[in-house]
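Working notes, beginning with the structure itself.
Protein chains in written order, with our numbering: chain H, 1 to 334; chain U, 335 to 668.
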């Protein structure tokens, strides 16, 4: 039996959106157990009145980690927070995975300091699945900010974990792996990236070499490996650019007289198709890889839909025993 | 009298697009002298038959640096290339500025090794002007890739040069300067960015603190300062994302039946307004700051329009004696 520990207080739409996603999953036949941590009255009230709460457990906690809290300090001082208590449940093997929409830094700290690293993994890293120009399949990018300082060896471990994830969770055949760098040639970049290139070349990964920032969204690689500082900046730049352009597009269509307005209405099926191709929800949340259990983060503004897909993603990671496979791999390679 | 040395062989549309831009500028009354380097017959043939070639000088060169050439090797071995000979003209004070659409790395090498650094500037850096959600004004971002390794002190010098550029060339009143980092708080980032933050705080720049990748395109700062590795990745990620989305938009409007097609036609004024707001041409090219003369690069696929604006931008830099002002500043501060 799988059990997912859920911080039911993090995120703008918590706990209602989380409960809605769970209700939908159970209707579809999910047998997973969900333990929700937080304000028990509020969580209970979010379920439909006639719900039998089958497979649901609610654990009352008295504190909440806010987005503006300093992560490490917060998980030390707010010991009865929904996120920390949920993480402790996973540590004590009362749950198999941790999900939260709250403070990203605090969730990373919960993963690293409470649940703990997989033996042999130097540094856990954060990995979302992004949409690309190639459409449905998307790509993984790791690390997008769990580490502000990286070493070449970390990048190799991240590439190994991400490649395996792409294969068994996203069902990509022989995933291609590329190093984000400032040029195509093998000698490009600073010493960190030059050395990472050389190490990646020696692995049995399907390493296709360097990739530049403009090629990432084209879907040139199934897995993009990068140091956490650059990865963080690039991921945010992609999100910011997409948001600014789509906002400007809407604005330009609505504020240039009647014709563009009518045009936009007629073009709706096309615009919806664009929206669908750029849909990040279907891929689930960002995973903190290298931790002794799946730890997954979804955007704080998420509504039911991305949460639904994230809970399915966690189910799949548990079914595939992803963390167990990582444990074996890093045991053998040490 | 101002003289601009132009590598007339670099770029897909050279030399015709360059000649068209010059013809237009002269029609508008430009008194600037243009020296064009390259295939003299081809350059001459690009001018209208009845052109008196006033203010034009053509210098015949026999080689061209290709985009795929290794930069430093290329400028050493192709001594009679249009780019190298043009750079030497500037070095020898026969011209005041250098413009090229060719190999970016080779142009940086020409700037650094042939024309030379301003005394007191540790490392020259590349700086484009980007459009932002705020509209017309845009923002500067420095360094976007002249340096793959950076030190905190470099970032401070870049911020100083970029801030002055924003003030006198872009006419921004008291330009705000932000540091690209992985969080808002002052202690964020790796040691490089933490130290850069502390140094920037001590300057008399209008330093507004850290900025994250998603805020760059929102236009939160007039000048974004970043290490060359991250800046390169972020700039390319922005360009790649914009290109992928606009391409997908076109595709979605044209391939979803008749209605979106008609809609797109009606929406055209709105889509054109979007295009105009996202117009990078008006801001001119990317400038290599810290060199003893303006050295400016425009995209290799540029047509007449961005070249026209870039030549005007160079005129303005010469009129304002930008490089002279930098020289004074770094003389005093050393």
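Even glycine gets a Cβ: it sits at the ideal position worked out from N, Cα and C.
Under the DSSP definition of a beta bridge, residue 95 (chain H) lacks any partner.
Within the stretch 540 to 559 of chain U, the residues whose Cβ lies closer than 7 Å to any Cβ of chain H are, in chain order, 546, 547, 548, 549, 550, 551, 552. Looking at the DSSP output, residue 321 (chain H) sits in no beta bridge, so it has no partner there.
Interface annotation, residue 189 (chain H): in contact with chain U, CB-CB separation under 9 Å.
Closer than 9 Å to the CB of residue 193 (chain H) there is at least one CB belonging to chain U.
Among the residues of the stretch 294 to 324 of chain H, none has a Cβ less than 8 Å away from any Cβ of chain U. Here residue 23 (chain H) is not near residue 59 (chain H), since their CB atoms are 9 Å or more apart.
Annotation: the continuous alpha helix (DSSP H) that includes residue 270 (chain H) extends over 268 to 277. If you look at residue 555 (chain U), you'll find it isn't in any alpha helix (DSSP H); DSSP assigns it neither H nor E.
Rounded to the nearest whole angstrom, the C-alpha separation of residue 534 (chain U) and residue 473 (chain U) is 18 Å. In the structure shown, the three-state DSSP call for residue 478 (chain U) is coil. Our two residues, residue 641 (chain U) and residue 262 (chain H), have alpha carbons roughly 36 Å apart in a direct line. Spanning the alpha carbons of residue 10 (chain H) and residue 561 (chain U) requires a straight line of approximately 34 Å. Ranked by Cα distance from residue 57 (chain H), the first of H:50, H:63, H:33 is H:33. Listed by position along chain U, the residues whose Cβ is nearer than 9 Å to that of residue 239 (chain H) are 547, 548, 575.
Nearest neighbour of residue 476 (chain U) by Cα position, chosen from U:348, U:518, U:621, turns out to be U:621. Within the stretch 513 to 571 of chain U, the runs of alpha helix (DSSP H) at least 4 residues long that lie entirely inside it are, in chain order, 525 to 536, 547 to 550. Rounded to the nearest angstrom, the gap between the Cα atoms of residue 183 (chain H) and residue 400 (chain U) is 16 Å. Against chain U, the beta carbon of residue 234 (chain H) has neighbours under 9 Å at 547, 564, 567, 568, 570, 571, listed in chain order. Secondary structure note for residue 161 (chain H): it is in no beta strand (DSSP E), and the uninterrupted alpha helix (DSSP H) holding it is 152 to 168.
Residue-level contact by beta carbon fails for residue 25 (chain H) and chain U, as no gap is shorter than 9 Å.
For residue 510 (chain U), the nearest beta carbon of chain H is not closer than 9 Å to its own beta carbon. Burial is judged here by how many other beta carbons sit within 10 angstroms of a residue's own beta carbon; residue 335 (chain U) has fewer than 16 and is exposed. Contacts with chain U (Cβ-Cβ distance below 7 Å) from the stretch 145 to 158 of chain H involve 145, 148, 149, listed in chain order.
Between residue 591 (chain U) and chain H, the shortest Cβ-Cβ separation is below 9 Å.
Shown here is that no member of the stretch 60 to 74 of chain H has a Cβ falling below 7 Å from a Cβ of chain U. About 7 Å separates the Cβ atoms of residue 118 (chain H) and residue 323 (chain H), confirming a contact at the 8 Å cut-off.
For the stretch 96 to 123 of chain H, the residues whose beta carbon sits under 9 Å from a beta carbon of chain U are, in order, 105. Under the Cβ criterion (8 Å, minimum of three pairs), the stretch 581 to 594 of chain U does not count as touching the stretch 291 to 308 of chain H.
Residue-level contact by beta carbon holds for residue 582 (chain U) and chain H, with a gap shorter than 9 Å. With respect to chain H, the C-beta atom of residue 387 (chain U) has no partner C-beta closer than 9 Å.
Counting along the chain, the unbroken beta strand (DSSP E) around residue 4 (chain H) starts and ends at 3 to 7.
Counting only runs that start and end inside the stretch 344 to 425 of chain U, the beta strand (DSSP E) elements of at least 3 residues fall at 367 to 372, 390 to 394.
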